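Q: In my numbering, the protein residues as written are 219 to 337.
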Amino acid sequence: MEYILEVFLDDYRLGKIKGSPVESNIETVFGGELKVLKVKVGEETKNDVLKAFETARIDSRACITDTPVAFKRALFEEIAKQKSLGEEVVKAVLGRINEIKELAAKESDFLPAPEIETD
Numbered sequence: 219m220e221y222i223l224e225v226f227l228d229d230y231r232l233g234k235i236k237g238s239p240v241e242s243n244i245e246t247v248f249g250g251e252l253k254v255l256k257v258k259v260g261e262e263t264k265n266d267v268l269k270a271f272e273t274a275r276i277d278s279r280a281c282i283t284d285t286p287v288a289f290k291r292a293l294f295e296e297i298a299k300q301k302s303l304g305e306e307v308v309k310a311v312l313g314r315i316n317e318i319k320e321l322a323a324k325e326s327d328f329l330p331a332p333e334i335e336t337d
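As structure tokens, then:
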């Protein structure tokens, strides 16, 4: 089975891939409001991602979601560097998994949980 990692694009990211072969693979979602690249991976790579991040899961569209921001950022950087959406970009990112896990551990420091009143 094939699984998908989605990488959402803002203007900065669009600029980094402009003119590359990857640009022709941009898709729009949510009524054209967001642009996204989809990286397809196989069973083994999917398992490696799920093993690396306890929050990661597979949704009903076969997308691997709930990965840390640090992983998503590194994935985009690797796509821009290799100018590819092949499974090799994910494998390259997984090769730096310890560094990415360190960055991911710091994310909770930057994104505090919202305060909810329970009166």
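Ideal placement from N, C-alpha and C gives every residue a C-beta, glycine not left out.
These figures come from a predicted structure and were not determined experimentally.
(1) Determine the direct distance from the alpha carbon of E333 to that of E317, and round the result to whole angstroms.
(2) Within its chain, find whatever has a CB closer than 6 Å to the CB of S238; leave out the 5 residues flanking it on each side and keep chain order.
(3) Pull up the CB-CB distance for M219 and A280, whole angstroms please, since I reckon it's below 8 Å.
(4) Roughly how many angstroms separate the alpha carbons of K234 and E272, rounded to a whole number?
(5) Quick one, which of K264, D284, T246 has its alpha-carbon nearest L312's?
(6) Exposed or buried, T336, counting other C-beta atoms within 10 Å across all chains shown (16 or more means buried)?
(7) Quick check: what's the CA-CA separation for E203 versus L303?
(8) From the DSSP output, in three-state form, read off L255 for me.
A: Checking against the coordinates, here is how it stands:
(1) 30 Å
(2) K301
(3) Contact holds; Cβ gap of about 7 Å.
(4) 30 Å
(5) K264
(6) exposed
(7) In the structure as shown, the chain starts at 219 and stops at 337, and residue 203 therefore has no counterpart that could be examined.
(8) strand
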